[in-house]
């Protein structure tokens with residue numbers, strides 16, 4: 001890194017970047033969700049067609065990514081609150097980040113079957 005740069009690529013910077021990226025991804029999901037739900041007022045048949053495309057294995061992977069984004073954003077948001085409002089928060093922010101990542105990994109492993117189980121059965125058979 002060049003001398004005098006603000007960010008050094010440490011945990012705090014990457015959690016900041018990941019928090020912003022997941023927030024934007026969640027926003028775009030909500031935007032698309034509102035649009036596709038609004039289709040039901042325009043044409044119920046078009047809405048049914050769109051919803052039927054959501055039952056593909058590719059969309060199941062996207063749903064898993066959505067779960068990952070929401071979980072990380074929520075857990076990291078709690079960490080940010082702790083850093084901001086707990087007097088010892090800044091001192092322990094790195095440890096709290098690794099705790100968040102650990103909890104996130106455990107929850108994502110737990111979400112594998114419920115989110116991707118149907119897609120795996122569809123691709124490889126039951």
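In full-length UniProt numbering, the protein residues as written are 1 to 126.
Backbone N, C-alpha and C fix where the C-beta goes; we use that ideal spot for every residue, glycine too.
The alpha helix (DSSP H) enclosing residue 57, as first and last residue numbers: Per DSSP, the unbroken alpha helix (DSSP H) holding residue 57 starts and ends at 57-85.
Of the residues 116, 71, 104, which one's Cα is nearest the Cα of residue 23? Taking only the C-alpha atoms, the option nearest residue 23 is 71.
Just to confirm the assignment, what range does the alpha helix (DSSP H) spanning residue 52 have? 44-53
Closest residue to residue 98 among 88, 110, 79 (Cα-Cα distance): 79
Give me, in chain order, the residues of the same chain whose beta-carbon lies closer than 7 angstroms to that of residue 82; leave out the 5 immediate sequence neighbours on both sides. 89, 96
Quick check on residue 15: does DSSP put it in helix, strand or coil? helix
Where residue 17 and residue 73 are concerned, what is the direct C-alpha to C-alpha distance, given to the nearest angstrom? 11 angstroms
Quick test of your reading: residue 103 and residue 75, contact by CB under 8 angstroms. State the CB separation rounded to the nearest angstrom. Your pair residue 103 and residue 75 checks out as a contact, with CB atoms roughly 6 angstroms apart and the cut at 8 angstroms.
Return yes when the Cβ of residue 32 is within less than 8 angstroms of the Cβ of residue 39, no when it is not. no
Pick helix, strand or coil for residue 88, following the three-state DSSP scheme. coil
Ordered along the chain, which non-local residues of its own chain (more than five positions away) have a Cβ less than 8 angstroms from that of residue 36? 47, 50, 51
With burial defined as no fewer than 16 other Cβ atoms inside 10 Å of the residue's Cβ, what is the status of residue 136: buried or exposed? Nothing can be reported for residue 136: it is not among the residues displayed for the chain, which extend from 1 to 126.
Cβ atoms of residue 115 and residue 63: under 8 angstroms apart, would you say? yes
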